[in-house]
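Heads up: the protein sequence lines correspond to chains A and B, in order. Numbered per the numbering used here, the first sequence spans residues 1 to 224. Numbered per the numbering used here, the second sequence spans residues 1 to 224. The structure under discussion appears below in the form of structure tokens.
2 protein chains.
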Amino acid sequence: MSTQRGPEATRERLLQAAANLFAERGFHGTTARDIAGRGAVNLAAGHYHFGSKKDLYLEVLRAEFSKVRRELSRRRVIRPPAELDRLSRPQLMKLLLTRTEVMMAMLIGPPPSLHSTLMQREMCDPSEALPVIVAEFIQPMMEELEQILQRLAPGIGAEVVESCAFSMVGQALFYRFTMPAWLHIKRRTSYPRDLARTVAAHITEFSLGGLERLAHQHGRQGAK
Amino acid sequence: MSTQRGPEATRERLLQAAANLFAERGFHGTTARDIAGRGAVNLAAGHYHFGSKKDLYLEVLRAEFSKVRRELSRRRVIRPPAELDRLSRPQLMKLLLTRTEVMMAMLIGPPPSLHSTLMQREMCDPSEALPVIVAEFIQPMMEELEQILQRLAPGIGAEVVESCAFSMVGQALFYRFTMPAWLHIKRRTSYPRDLARTVAAHITEFSLGGLERLAHQHGRQGAK
DNA sequence: GCACGTATGAAACATTTGTTTTAAACATTT
DNA sequence: AAATGTTTAAAACAAATGTTTCATACGTGC
């Protein structure tokens, strides 16, 4: 498979190799020769198929986050809002847990996903691909998350709901963005196999508590 | 000041220029000539004073996080544990808010601090400086945070306390690590001036709710 | 089978990169 | 003031980098 022939296959191998290397070492840390080597293609192939290293990078991100979008749809993370209205409170809580588990699985795996690593790098050095990441990954996750939270705490305003969604995403991203520090503190070389599930459970409970407190606080403020 | 003479001043200007550029563009994105240019020193000065680009980078991180440690002490973020025992519950909650405000101020400013940007980059490409960052910045913050949380929810175990501390730090780091996406979504070019305080207040309330819920859950589990 | 647009391979090119060299300027001591 | 060790300056170096060139192989239409 990795040695398949044909122009289509070459392009695909290039994208694959470039995606892995850009994730591993970043844009500046990856050389055109590295990519050609790992993809087992000629050095000139990159420029022939994509024009430049920068364009290859952008194409990698577009391809990768197009995959993510499809994956989110496949896992039914993006649902029609009306569907949520039919759920009871325990069902909503269960859904919130499931959603968080999906998010954690995408963030830290195992193995850690390529696109979350690429996203992390884009947050250090934003490029023209940032809008793609926001539109294909961040916004969809945020939107349904906010809908769930809104229904779990009907009293509170949209701004507070958004802050709570940020709080949840922040807790999840923590394990992706600070992995090296976490591993160093825990003297490990990789995350425990079931960390994604464990952490998802914690985040969900923690956030339900936070949401409840803010609902009360907001309710009191709104009442007086 | 930037044109001061003498070997000491040259070294200092080099460190300063290098710190800013490494934060702005990362290690691979910064060239020795960039640094020499911004520091208004000769190209060879870097190698004379530090040996190599890599060594200069490590020295920058050591210097920067040594500053951070001093700043944390100055702000009395690190307190003797016994001091906490004398505080009432409202005082502890107030302290938690203050601590979170300090953390947010260090993370997103304004302006965003150099060291938090350098830390973010180390999480993408860990180097030999990672242990320094953990020891001088992350561990001190985590430890006192855990102590406060432990006293706010005396019933729960150390592992849960640690997870809650991660949850709080994660919420705070979110605004540092995803700043480009946040700004893109909100169509802004910089964070609102008072975001640090606003967010700190939200995180504190949200987390108090989360802590409370976990305390109840854990209490019930421990009881049965 | 042959021509023609497409894709690949090997080499070369022009810059840029981190680093080194060498000499001059400076400061400090004797 | 001479000598000595330290710091700065300018130029050069070798290696690496993104990109281009050009010849060759490939596939697909007539």
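C-beta: ideal position from N, C-alpha, C; glycine also.
- Going along chain A, which residues have a C-beta under 7 Å from residue 34 (chain B)? The contacting residues do not exist; residue 34 (chain B) stays about 13 Å from chain A at best.
- Query: Between A:184, A:168, A:190, A:189, which lies nearest to residue 203 (chain A) when the distance is taken from Cα to Cα?
  - Reply: A:168
- Grab me the residues of residue 48 (chain A)'s own chain with a C-beta within less than 8 Å of its C-beta, minus the 5 sequence neighbours each way, in chain order. Closer than 8 Å at Cβ, skipping near neighbours: no residue.
- Query: Since residue 62 (chain A) and residue 132 (chain A) are thought to touch, with beta carbons under 8 Å apart, how far apart are those beta carbons, to the nearest angstrom?
  - Reply: 6 Å
- Query: So what does DSSP say about residue 84 (chain A), is it helix, strand or coil?
  - Reply: It is helical.
- Item | Rounded separation between residue 196 (chain B) and residue 13 (chain B) - CA only | Those two C-alpha atoms are separated by around 30 Å.
- Message: Relative to the C-alpha of residue 155 (chain B), which candidate in B:104, B:30, B:50, B:213 has its C-alpha closest?
- Response: B:213
- Item | Cβ-Cβ separation, residue 118 (chain B) to residue 205 (chain B) (assumed contact under 8 Å), whole Å | No, residue 205 (chain B) and residue 118 (chain B) are not in contact; Cβ-Cβ is about 30 Å, not under 8 Å.
- Query: Helix, strand or coil: which one does DSSP assign to residue 224 (chain A)?
  - Reply: For residue 224 (chain A), the predicted structure reports a pLDDT of 38, less than 50, and the residue's modelled location is therefore unreliable. A value from the coordinates is still provided. Coil, per DSSP.
- Message: Can you give me the C-alpha to C-alpha distance between residue 125 (chain B) and residue 143 (chain B), rounded to a whole angstrom?
- Response: 25 Å
- Message: I'd like the ranges of any beta strand (DSSP E) spanning at least 3 consecutive residues and lying wholly in the segment 19 to 98 of chain B.
- Response: none
- Query: Is residue 59 (chain B) buried or exposed, if buried means 16 or more other CB atoms sit within 10 Å of its CB?
  - Reply: Label assigned to residue 59 (chain B): buried.
- Item | Nearest neighbour of residue 112 (chain B), chosen from B:192, B:10, B:148 [CA to CA] | B:192
- Query: Can you list the residues of chain B that residue 18 (chain A) reaches, using a CB-CB cut of under 8 Å?
  - Reply: Here the premise fails: no neighbours, minimum Cβ distance about 16 Å.
- For chain B, find out if any of its Cβ atoms is closer than 9 Å to the Cβ of residue 52 (chain A); answer yes or no. Taking CB atoms only, residue 52 (chain A) has no neighbour in chain B less than 9 Å away.
- Query: Comparing the CB of residue 75 (chain B) with every heavy atom of the ligand GDP, is any distance shorter than 8 Å?
  - Reply: The ligand GDP is not part of the structure shown, which contains no ligands of any sort.
- Query: Nearest chain B C-beta to residue 100 (chain A) closer than 9 Å, yes or no?
  - Reply: Not closer than 9 Å to any Cβ of chain B, the Cβ of residue 100 (chain A) fails to qualify, so no.
- Message: Considering only the alpha carbon of each residue, which of B:152, B:75, B:136 lies closest to residue 90 (chain B)?
- Response: B:152
- Query: Where does residue 175 (chain B) sit, in a helix, a strand or coil, going by DSSP?
  - Reply: Helix at residue 175 (chain B).
- Message: Quick check on DSSP: helix, strand or coil for residue 193 (chain B)?
- Response: coil
- Query: Under three-state DSSP, which class holds residue 105 (chain B)?
  - Reply: helix
- Item | Assigned secondary structure, residue 188 (chain B) (DSSP; H/G/I helix, E/B strand, else coil) | coil
- Query: Considering residue 146 (chain A), what are the terminal residues of the alpha helix (DSSP H) in which it resides?
  - Reply: 139 to 152
- Message: Counting beta carbon pairs with one atom in the segment 169 to 184 of chain A and one in the segment 98 to 116 of chain A, are three or more of them shorter than 8 Å?
- Response: yes
- Give, in chain order, every residue of the segment 141 to 162 of chain B whose Cβ lies closer than 7 Å to some Cβ of chain A. none
- Query: Between residue 140 (chain A) and residue 73 (chain A), what straight-line distance do the alpha-carbon atoms span, to the nearest angstrom?
  - Reply: 10 Å
- Task: Just confirm the distance between the C-beta atoms of residue 100 (chain A) and residue 200 (chain A), as a whole number of angstroms; I'd bet it's less than 8 Å.
- Result: 4 Å
- Which of helix, strand or coil does DSSP assign to residue 8 (chain B)? Under the three-state reduction of DSSP, residue 8 (chain B) is assigned to helix.
- Residue-level contact to chain A via CB, residue 109 (chain B), 9 Å cutoff: no
- Task: Compare the C-beta of residue 206 (chain A) against all C-beta atoms of chain B and say whether one is closer than 9 Å.
- Result: Flagged as an interface residue toward chain B: residue 206 (chain A), by a C-beta distance shorter than 9 Å.
- Contacting residues, own chain, Cβ-Cβ under 7 Å from residue 92 (chain A) (five flanking each side not counted): 148, 151, 152
- Message: Measuring only the C-alpha atoms, how far is residue 210 (chain B) from residue 28 (chain B)?
- Response: Each residue's alpha carbon lies about 41 Å from the other.
- Item | CB contact check: residue 175 (chain B) to chain A, cutoff 9 Å | yes
- Message: Just to confirm, is the Cβ distance from residue 177 (chain A) to residue 177 (chain B) under 9 Å?
- Response: Using a Cβ distance threshold of 9 Å, residue 177 (chain A) and residue 177 (chain B) count as a contacting pair.
- Message: What does the Cβ neighbour count give for residue 8 (chain A), buried or exposed, with the cut at 16 atoms within 10 Å?
- Response: With fewer than 16 other Cβ atoms inside 10 Å of its own Cβ, residue 8 (chain A) counts as exposed.
- Query: Where does residue 46 (chain B) land, buried or exposed, given buried means 16+ other C-beta within 10 angstroms?
  - Reply: Its Cβ being crowded by 16 or more others within 10 Å, residue 46 (chain B) is buried.
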